[in-house]
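Here the sequence shown is numbered in numbering that gives the first Met the number 0, starting from 0 and rising by one per residue. Just so it is clear, CB atoms sit at the ideal spot from N, CA and C, and this is done for glycine as well. First up is the structure itself, then whatever we jot down about it.
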Amino acid sequence: MKRFLTICFAIIIFHQFLFSVEQLLKEKELFEDEKLFKQKIEEKLKFISDGNEGVFEDENILLEYILLKDTYLKFFEKKSEVKKKEYKKLLDEIEGRREETKNPLLSYCLAILYGRYGELLSIMDAVKMDIPNKIKDCAEDVIKRREEIDDYGAYLILGRLYGVTPKIPFYTGWQSFEVSEYYLKKYIEKNKNSVTGKFFLAETYRAMKKTSLYDSIIEDILKNGDFETFQDKKILDSLKKSKE
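If you want it as structure tokens, here you go:
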């Protein structure tokens, strides 16, 4: 009976953690105070490091943890080597588990982590490690089996991947701006107010030398854009600053 109650209590705590993380990552008013936002993230991450590794037993909670950790590393950790180490550690922890469970949530986590890890490497190092193809395979697995994960985030990942990956014969010959456009439009269909999705689409059009489409989207973002995520806010702030 005692063990049963302990397990029930742990489940309640972990799902409270899940809900609180979801709320934190969408707390728009908090984004304006970056110091406080960082502090709140650190508090959630400390919850894990203080002996609550059991959250990783629930893939839904694991995903929220990865989204939280990724936000912290991308926007608040300044040291590149620290970022590499942390992303690599998470990749090593999740890779084997994905092979065992075949859970699309883990595929999505890996798509995010490989993407961030690859950004910290040189292009050739990333290609030699086959990172673009790993991202592609993981994101495609999500779309095939459970596309709605993280508000259809796999479409955003693939759209960006097809748009920025260099085309290298025998490695990334699949790169295509047209496919990038397709996936990003699919993402925007599901997330009509996403500044990030629109900005990535604009970047793809710029690479395609479709200047008028690029300008039109940027103008729309500046005129009507309202951030929904912290990344949305950072992109919007950057665009506004560039126009000053």
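Exposure label - N223; buried when at least 16 CB within 10 Å:
For this step, residue 223 is matched to residue 224 along the sequence shown. Exposed: under 16 other Cβ atoms inside 10 Å.
Tell me whether the beta-carbon of F176 lies closer than 7 Å to the beta-carbon of A138.
Numbered from its first residue, the sequence shown carries residue 176 at position 177. Numbered from its first residue, the sequence shown carries residue 138 at position 139. The Cβ atoms of F176 and A138 do not sit closer than 7 Å to each other.
Look up Q230 in the DSSP assignment and say whether it is helix, strand or coil.
Taking the sequence shown and counting its residues from 1, the one referred to as residue 230 is at position 231. Helix.
Rounded Cβ spacing between Y64 and I47 (contact assumed at less than 8 Å)
Counted from its first residue, the sequence shown places residue 64 at position 65. Counted from its first residue, the sequence shown places residue 47 at position 48. Y64 to I47, Cβ: 6 Å. Contact.
What's the gap between the Cα of K127 and the Cα of L120?
On the sequence shown, position 128 is the one that residue 127 refers to. On the sequence shown, position 121 is the one that residue 120 refers to. The straight-line gap separating the alpha-carbon atoms of K127 and L120 is approximately 11 Å.
Which whole-angstrom value is the C-beta distance of L67 and I40, which I expect to be below 8 Å?
Numbered from its first residue, the sequence shown carries residue 67 at position 68. Numbered from its first residue, the sequence shown carries residue 40 at position 41. Contact flag correct, Cβ pair sits at about 6 Å.
Given that a residue counts as buried once 16 or more other Cβ atoms are within 10 Å of its Cβ, and exposed if not, what is D140?
Your numbering for residue 140 matches position 141 in the sequence shown. The residue is buried, with at least 16 neighbouring Cβ atoms inside 10 Å.
On the three-state DSSP scale, how would you describe Q260?
What the structure shows of the chain is the stretch from 0 to 243, and residue 260 is not part of that stretch, so it cannot be assessed.
Got a sec? Which residues, its chain only, sit under 6 Å from I156 by beta carbon, not counting five neighbours each side?
Looking up residue 156 in the sequence shown gives position 157. Taken in chain order, the residues that qualify are A110, A138.
7 Å Cβ cutoff, D214 in contact with chain E
Of the protein chains in the structure, only one exists, and it is not chain E.
Which full runs of the alpha helix (DSSP H) of 4+ residues lie inside the region 88–164, going along the chain?
For the region 88–164, whole alpha helix (DSSP H) runs of length 4 or above, ordered along the chain, are 103–118, 122–127, 130–145, 148–163.
Taking all protein chains shown into account, do 16 or more other C-beta atoms lie within 10 angstroms of the C-beta of F169, making it buried, or fewer, making it exposed?
For this step, residue 169 is matched to residue 170 along the sequence shown. So F169 ends up on the exposed side.
Could you pull out every residue in the same chain whose Cβ sits closer than 6 Å to the Cβ of Y113, ignoring the five residues on either side in sequence?
Reading the sequence shown from its first residue, position 114 is the one you call residue 113. For Y113, same chain residues with a beta-carbon under 6 Å away, outside a window of 5 residues either side, are I130, K133, I134 in chain order.
Closest to K101 by CA distance: which of E58, Y151, L221, S79 is it?
Numbered from its first residue, the sequence shown carries residue 101 at position 102. Closest option to K101, judged by alpha-carbon separation, among E58, Y151, L221, S79: E58.
Using 8 Å as the threshold, is the region 216–231 in touch with the region 179–189, meaning 3 or more CB pairs across them?
With a cut-off of 8 Å, the region 179–189 and the region 216–231 do not count as touching, because too few Cβ pairs lie within range.
S179 classed as buried or exposed, judged by whether at least 16 other C-beta atoms fall within 10 angstroms:
For the purposes of this step, residue 179 is identified with residue 180 of the sequence shown, where counting begins at 1. Its Cβ being crowded by 16 or more others within 10 Å, S179 is buried.
As assigned by DSSP and simplified to three states, the class of F46:
Counting from one through the sequence shown, the residue named residue 46 turns up at place 47. If DSSP states are grouped into helix, strand and coil, F46 belongs with the helices.
Is T195 buried or exposed, if buried means 16 or more other CB atoms sit within 10 Å of its CB?
By 1-based counting over the sequence shown, the position of residue 195 is 196. The residue is buried, with at least 16 neighbouring Cβ atoms inside 10 Å.
Neighbourhood of E94 by C-beta distance below 8 Å, restricted to the same chain and skipping five residues each side
What you label residue 94 is simply residue 95 of the sequence shown in a count that begins at 1. Exclusion of the five residues before and after E94 leaves L109 as the residues of its chain whose Cβ lies within less than 8 Å of its Cβ.
Between L62 and the rest of its own chain, which residues show a CB-CB distance below 8 Å, the 5 nearest in sequence each way excluded?
Taking the first residue of the sequence shown as 1, we reach residue 62 at position 63. Here the set comprises L104, Y107, C108, I148, D149.
Quick one: residues in its chain with C-beta nearer than 7 Å to the C-beta of K189, no 5 flanking neighbours on either side, listed in chain order?
Against the sequence shown, residue 189 aligns to sequence position 190. Cβ neighbours of K189 beyond the five flanking positions: D150, Y151.
Same chain only: Cβ atoms within 7 Å of E202, ignoring 5 sequence neighbours per side
One-based indexing of the sequence shown puts residue 202 at position 203. Excluding sequence positions up to five before and after E202, its CB lies within less than 7 Å of the CB of G162, all in the same chain and listed in chain order.
Skipping 5 residues on each side, what residues in its chain have a beta carbon closer than 7 Å to that of N192?
Within the sequence shown, residue 192 is the residue found at index 193, counting from 1. Excluding sequence neighbours, N192 sits near D225, E227.
May I ask which residues mark the beginning and end of the alpha helix (DSSP H) holding E320?
In this structure the chain extends from 0 to 243, so residue 320 is not present and cannot be described.
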